[in-house]
Amino acid sequence: MTTQELATHQRPWSEIEFQERLGKGGLSFPPATLQLLPPQTPPQGIPGVDVETTLEVLWQGKRARFVFIYKPQSTPKTLATAIAQAQRSERSFGPRPLVIVPYLSETALRLLEAESVSGLDLSGNGIVLAAGFALRRSGEPNRFKEASSLRNVYWGNSSLLTRCFLLRAQYASLNDLRTFALERFRKGENSGVSQLTKGTVSKVTQILEAENIIAREREGMRLIDPDTLVERLKTHYRKPQGARLEGKMSLNTQEAWTRLARQPFRAVVSGEGSAGHYRVLSGQDKWTVYVEDLEGARQCLDITPTPLFPNVELIEETSDMVYFDARSECSILWASPLQTWLELAHSGPRERAAAEVLETILRKGEGSTLR
Amino acid sequence: MTEPLPDPLLAHLLDIASDPASNDLILGGGFGIRVKQAYLKANNLRTLLPAVPEGRATQDLDFFLRMALFIQKERGEAIRRLLDRLAYEEHTPKWQFGKPFDMATPAIRVKVDLLARTPLAGENVRVKAPRVGVGADSDIHGRETPEAFAVEDSPLRVPLSGIRSDGIQTSASILVAHPYASLNMKVKAAHDWLKMEQGARVHKNNATRHVFDVYTLIAMLTEIELEEAAELATRYRSVPMAAEIRACAIELYGEEEALGVAELRRQLRGEMNYPLFWTALNKAIGI
């Protein structure tokens, strides 16, 4: 998304604003023409709606009337609620229901189509299913940015909380989730504590709930759509971009970790490098390690830089993501199974096949069982 | 072990390799690269570049003759008897041979070229350019190849298996030139292409393949081979031809903008780690 696009984003209209703007022709769906008809009391209206406002869609001399349901949010959960509301209000004659939300993605349009419910958005997309004609328009960008969706919960420090749902599928409370996340940091690492505030935990779970990825229940919160969560984490994943150094090191792994453990900076084996630890891939020629201080690590491990058959690669990385949920074995710190899965999933064919093995476990929300 | 090569030339190589006389032959050229690639793949050996470009197809078997063949007459005679038994006909007396690939397609011919390095002063092998081994009475000569000065040094024995041209399943082995020797030969050939580009020589078909063969040989180096190559480069440092080839390599590939690099990028469609290639070539031939 460009800066210019961001600048044109509006706050979604409230219901009152929507009614006002609709009256002034603020909604369009070319090539059809939309016309607002005067309100009237329905004989059997939509539950919770006392007065029906009817919208007429005109296209090539044909016309169809709809009674609309406006929702000022476009989250999957909101859309699902609106569709259910529309289906409950379906009548055998008279105006059919029409869902209106700020933005309908291609996925949302397909859902409306599958559910045989008409829908329009405020960005110019929509699907109109009328007697005698059907119209579909897509590809218009989202003109609205909802407050909650400005936070990317699939990348960055917020994503650490999101990742927790693949490590363990259920949490008794927000505090339980926060405690679980904080326990995934190594002792003495303060960055996580400052990042994962109670407010952040609350916001992230609100978004995940609005996205229908988790559900709040009497017992707490539970992962309900691991497939979407897995896909979004994969889509938003970015390979570390820090400085790199390849070279030869004469130390064995154990000796190297003994030295690294004495350093003031963090270090962890990369996700791809940890694949062998989780028994999903073997035979790596090069040992890749994330470190917070590249030069410090180079000196500590006495690495001679060379691109020719390097046996070690250091990648400078200061973000918490690669260090989060690291697993220790014989003083070696291995990347989290989740980080391992993400890196393998973005690598070659052999690695992607290995990622699928881990993904099966993570989809069940059982990542914490991997040792 | 070596995976069966999906190559009809393998049957003809097996015909030769399954005869004990082949112990004095060292396979070079494009098919040497293909045989080596199959060996690396079958043994899952780590190479400098994980994705080694596939060796080009060829109809030629280029064999380097050991100097001993010209010194011990009976060893040379054994090679000639082998070629005669396999019904190879002379294309050029005593060093170029050929025969139909198979009975169904007699027009397509498999060719065997015999080559040899320039003999050393004390080896007592006669050269009458371009023939090596003149007067040895073994009925074979090697075409003199000065850039093959290291070809007899540290060749790799590669196991082969497959079906011979007589239909018999066979396991055998053949010596393949060490990457140091191959790189020297290929850099020299690639430099001939450069001279063609610069107008000093008449263009030959497919001359650009040598430019790419250098890249392929670098890509398929194993760690041990690179160390061995560096040692060989030190050992042959004072050989005038080795010095000439090092200068050729610098002219061809010494800068990102050099013609050889541009040609490599063209053939690789832009995907090239130049610093890695150049660093490895430097070490492998001792630049």
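Here the protein sequences line up with chains A and B, keeping their order.
The opening position of the first sequence corresponds to residue 197 in this note's numbering, with each subsequent residue numbered one higher.
The opening position of the second sequence corresponds to residue 878 in this note's numbering, with each subsequent residue numbered one higher.
Quick reminder that beta carbons are idealized off the backbone N, C-alpha and C, glycines included.
Comparing C-alpha positions only, which one of the options sits nearest to residue i?
i: B:Y1057; options: B:K976, B:D884 and B:E1102; result: B:E1102
i: A:G221; options: A:Q281, A:A280, A:R207 and A:L318; result: A:L318
i: A:E302; options: A:P272, A:V426 and A:L325; result: A:P272
i: A:R548; options: A:S532, A:M445, A:I528 and A:L477; result: A:L477
i: B:R1034; options: B:P996, B:T1093 and B:G905; result: B:G905
i: A:K482; options: A:G472, A:L230, A:I409 and A:R412; result: A:G472
i: A:S466; options: A:E451, A:Y486, A:Q366 and A:A457; result: A:Y486
i: A:L325; options: A:R418, A:A228, A:R359 and A:S270; result: A:A228
i: B:A836; options: B:R923, B:E951, B:V989 and B:V1064; result: No answer is possible for residue 836 of chain B: it lies beyond the span of chain B, which begins at 878 and ends at 1164.
i: B:W972; options: B:N1159, B:D979 and B:D961; result: B:D961
For residue i and residue j, what's the separation of their Cα atoms in angstroms?
i: B:P1117; j: B:P1023; result: 10 Å
i: B:D892; j: B:G1131; result: 42 Å
i: B:Q936; j: A:N348; result: 59 Å
i: B:G953; j: A:E552; result: 58 Å
i: A:T424; j: A:G561; result: 13 Å
i: A:R261; j: A:G328; result: 12 Å
i: A:K430; j: A:Q495; result: 34 Å
i: A:S515; j: A:E539; result: 15 Å
i: B:T1093; j: B:S1050; result: 22 Å
i: A:E405; j: A:D498; result: 49 Å
i: A:S312; j: A:P506; result: 59 Å
i: A:G563; j: A:I557; result: 6 Å
i: A:Y299; j: A:F340; result: 7 Å
i: A:W530; j: B:D1030; result: 45 Å
i: B:S1042; j: B:A888; result: 5 Å
i: A:L373; j: B:D1090; result: 58 Å
i: B:G1010; j: B:L1141; result: 37 Å
i: B:Q914; j: B:V1088; result: 18 Å
i: A:R359; j: A:D489; result: 26 Å
i: A:R380; j: A:G290; result: 58 Å
i: A:P533; j: A:E211; result: 45 Å
i: B:G907; j: A:R306; result: 55 Å
i: B:L942; j: B:I1045; result: 27 Å
i: A:G244; j: A:S285; result: For A:G244, the predicted model reports a pLDDT of 49, less than 50, meaning its position is unreliable; a value from the coordinates is still stated below. The alpha-carbon atoms of A:G244 and A:S285 are separated by roughly 10 Å.
i: B:T1047; j: B:S1038; result: 6 Å
i: A:I265; j: A:L441; result: 58 Å
i: A:Q582; j: A:V400; result: This structure does not reach residue 582 of chain A, given that chain A is present from 197 up to 567, and the question cannot be answered.
Helix or strand or just coil, what does DSSP make of residue i?
i: A:G395; result: helix
i: B:M944; result: coil
i: A:D246; result: No answer about A:D246 holds up, because its pLDDT of 46 lies below 50 and its placement is not dependable.
i: B:R962; result: helix
i: A:M417; result: strand
i: B:E1108; result: helix
i: B:L1025; result: Residue 1025 of chain B is actually Ala in this sequence, not Leu. Here B:A1025 sits in helix by DSSP.
i: B:V1064; result: helix
i: B:F1089; result: helix
i: A:Y486; result: strand
i: B:R911; result: helix
i: B:G905; result: strand
i: B:W972; result: coil
i: A:I528; result: strand
On the criterion of 16 or more Cβ atoms from any shown chain inside 10 Å, does residue i qualify as buried, or is it exposed?
i: A:P337; result: exposed
i: A:K394; result: exposed
i: A:C526; result: exposed
i: A:I511; result: buried
i: B:E967; result: exposed
i: B:G1163; result: buried
i: B:T1085; result: buried
i: B:S1059; result: buried
i: B:M1097; result: buried
i: A:Q584; result: There is no way to answer for residue 584 of chain A, as the model of chain A reaches only from 197 to 567.
i: B:N1061; result: buried
i: A:L254; result: exposed
i: A:I403; result: buried
i: B:N921; result: exposed
i: B:R1114; result: exposed
i: A:P208; result: buried
i: B:S899; result: buried
Report the partner residues of residue i according to the DSSP bridge assignment.
i: B:T924; result: B:T1099
i: A:T500; result: A:K444
i: B:S1048; result: B:S1038
i: A:Y367; result: A:M417
i: B:D939; result: B:G905 and B:D990
i: A:W209; result: A:W209 is not bridged to any residue.
Using 8 Å as the cut-off, classify the Cβ of residue i as near or not near the heavy atoms of the ligand GDP, replying yes or no.
i: A:I409; result: Ligands in the displayed structure: none, and consequently the ligand GDP is not present.
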